[in-house]
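Trainee: Residue numbers (my numbering): 1320 to 1655.
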Amino acid sequence: MALRPLSCLAVAFALASCSSLRSPIVPGAKPKDHGAIGATEGPAWHNGSLYFTDGKHINRMGPDGKTTVFRHNASNGLLFDREGRLIACETKNRRVTRTERDGSITVLADRFREKRFNSPNDLCMDSKGRIYFTDPRYGSREGMEIREARPAGITYYLEPTRRLVEGVYRINQTGLPPGLCGFAHEIQNITRILCDGAERPNGILISPDDRFLYIADNNNNTHGGSRKLLRYTLDKNGDVKPGARKVLFDWKDGRGPDGMKMDTAGRIYVAAGTNKPTEYETTQFKAGCYILSPSGKLIEFIPVAPDECCNCAFGGKDGKILFITSGSHLWSVPLR
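#1: From F1389, D1383, S1423, N1437, pick the residue whose C-alpha is nearest to that of V1371; which is it?
#2: What's the C-alpha gap between Y1488 and E1518?
#3: Expressed to the nearest angstrom, what Euclidean distance is found between the alpha-carbon atoms of A1503 and A1428?
#4: Taking only the alpha-carbon atoms, compute the straight-line gap between G1655 and S1614 and give it to the nearest angstrom.
#5: By how many angstroms is the C-alpha of G1448 removed from the C-alpha of G1462?
#6: In the DSSP assignment, find the unbroken beta strand (DSSP E) run with I1523 in it and report its ends.
#7: Please state whether the Cβ-Cβ distance between C1608 and C1629 is less than 8 Å.
#8: Would you grab the beta carbon distance between A1348 and V1652 for me? Rounded to a whole angstrom, and I think it's under 8 Å.
#9: Can you check which of these residues, S1647, G1374, F1642, is closest to W1364 by C-alpha distance?
#10: Between the Cα of A1606 and the Cα atoms of V1559, N1594, D1529, which residue gives the shortest distance?
#11: Within this structure, are the beta carbons of M1662 and L1617 separated by less than 8 Å?
#12: Beta-carbon within less than 8 Å of H1648's beta-carbon, same chain only, minus the 5 sequence neighbours each way: which residues are those?
#13: So, using beta-carbon positions, are V1426 and R1435 closer together than 8 Å?
#14: Between G1396 and G1374, what straight-line distance do the alpha-carbon atoms span, to the nearest angstrom?
#15: Buried or exposed for S1342, please, with buried defined as at least 16 other CB atoms from any protein chain shown within 10 angstroms of its CB.
#16: So M1581 is in the beta strand (DSSP E); what residue range does that whole segment cover?
#17: Applying the criterion that 16 or more other CB atoms from any shown protein chain within 10 Å of the CB defines a buried residue, is S1645 buried or exposed?
#18: What separation, rounded to the nearest whole angstrom, lies between the Cα atoms of L1340 and P1561?
#19: Please classify R1401 as buried or exposed, where buried requires at least 16 other C-beta atoms within 10 Å of its C-beta.
#20: Measure the Cβ-Cβ separation of D1441 and F1452 and say whether it is below 8 Å.
#21: So, helix, strand or coil for S1612, using DSSP?
#22: Name the DSSP bridge partner or partners of L1532?
#23: Within 10 Å of its beta-carbon, does G1367 have 16 or more other beta-carbons around it, so buried, or fewer, so exposed?
#24: Starting from W1570, follow its DSSP beta bridges and name the residues at the other end.
#25: In the DSSP assignment, what residue or residues form a beta bridge with M1380?
#26: Smallest Cα separation from A1632: which of A1468, P1362, T1583, T1418?
#27: If you count every other CB in all the chains shown that lies within 10 Å of the CB of N1508, and 16 or more means buried, which is it?
#28: Write down the C-beta distance between R1586 and L1553 rounded to the nearest angstrom, noting that I regard them as a contact closer than 8 Å.
#29: Would you identify the three-state DSSP class for L1405, choosing helix, strand or coil?
#30: Is the distance from the Cβ of G1516 to the Cβ of L1549 below 8 Å?
#31: Kindly indicate which three-state DSSP category K1565 falls into: helix, strand or coil?
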């Protein structure tokens, strides 16, 4: 009699495994181009509308398909918190903010140990409501302030010789804990997450069970730079376990991974690739959304145009539409 529950459990695991290896795209479906509507980065779905960024504004495409400006702001990654407030990585302002319901702006993070961030790029939220974000620097290195800590026991250490940090951080509290005044809350609220082996973290994702942290390591303007999807195992505190790094997929000398999402089956949707070669990137991997199994096996590829593919998001009724941003164009494809 004890074998029956065990057999049922084995069947359930087998079905879940099969689901994670199956293409999620509706058979025969082709990606639809909604045109060059300023969809470059940061897609996020909320209350029947899709929000995205064009490098100067946060735009909103409503249920009628019309696009309007939601905020005049140069942002990248976007997400909505549990209370429906928009969290944004403001790249040019070098901070992470929250747009309140009345339109006011709350700064959640703009410094680490009194040093300004480089240019916050992408973000995600764990089950506890804590926000993780990446802080790379593409283009000019001018104005970067955060450097590695001085080696222990060394009093005099030249500042310029310490390596500049392009890191991953966690915002531990997004509001005042009950009973604490603002003065009492002047504590270290930003934790640096040590992701060994990541050169230039871009996209970021946490599994629903808070077990894994995924980093799109995209050092794409450096010859021989990393263009890999990395997975790290997290401990119960939300920090990376030592030696827990695993490479799931490598775009080699093509354009590396950017934004990404995960579905309920554990499949990872990664925006990557380009259709136009550069000094540093080949077209070996075309622009589009690479759908990977939990172990990093390529299941499906959704091609887009005209150039590089930057990000993606689930939306539509029941989250059954995948939206993809690429070169100011917005694309969509139905999911099963």
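The C-beta atom is built at its ideal place from N, Cα and C for all residues, glycine as well. The structure presented is a predicted model; accordingly, all values stated were derived computationally and were not measured.
Mentor: Result, derived from the coordinates:
#1: The residue asked about is misnamed: residue 1371 is Phe in this sequence, not Val. Of the candidates F1389, D1383, S1423, N1437, the one whose C-alpha sits nearest the C-alpha of F1371 is F1389.
#2: Y1488 and E1518: Cα-Cα distance of roughly 15 Å.
#3: With a pLDDT of 41 at A1503, under the threshold of 50, the modelled position of this residue cannot be trusted; read the value that follows with caution. In a straight line, the C-alpha of A1503 is about 17 Å away from that of A1428.
#4: The residue asked about is misnamed: residue 1655 is Arg in this sequence, not Gly. If you draw a straight line from the Cα of R1655 to the Cα of S1614, it is about 21 Å long.
#5: Looking at the two C-alpha atoms, the distance is approximately 31 Å.
#6: Per DSSP, I1523 belongs to the beta strand (DSSP E) from 1520 to 1525.
#7: Not a contact, by the Cβ cut-off of 8 Å.
#8: Contact holds; Cβ gap of about 6 Å.
#9: Closest by alpha carbon: F1642.
#10: Minimum Cα distance to A1606 is reached at N1594.
#11: In the structure as shown, the chain begins at 1320 and stops at 1655. Residue 1662 is therefore absent and cannot be evaluated.
#12: Contacts found: D1352, H1353, G1354, A1355, I1356, A1358, V1623, A1624, P1625.
#13: For V1426 and R1435, no; Cβs fall outside 8 Å.
#14: C-alpha separation (whole angstroms): 11 Å.
#15: Result: exposed.
#16: M1581 -> beta strand (DSSP E) spans 1579 to 1581.
#17: So S1645 ends up on the buried side.
#18: Going by the C-alpha atoms only, they are around 29 Å apart.
#19: R1401 should be labelled exposed.
#20: Yes, the pair counts as a contact, with Cβ atoms nearer than the cut-off.
#21: Annotated three-state conformation of S1612 is coil, per DSSP.
#22: Beta-bridge annotation (DSSP): L1532 is paired with I1525, Y1551.
#23: By the neighbour-count rule (16 or more Cβ atoms within 10 Å), G1367 is not buried but exposed.
#24: Looking at the DSSP assignment, W1570 forms no beta bridge with any residue, so it has no partner.
#25: Note: M1380 sits in a beta bridge opposite L1369, T1386.
#26: For the residues A1468, P1362, T1583, T1418, the minimum Cα distance to A1632 belongs to P1362.
#27: Per the 10 Å Cβ criterion, exposed.
#28: So it is not a contact: roughly 20 Å between Cβ atoms.
#29: L1405 falls in the strand class under three-state DSSP.
#30: Yes, Cβ-Cβ distance for G1516 and L1549 is below 8 Å.
#31: Secondary structure of K1565 (DSSP, three-state): strand.
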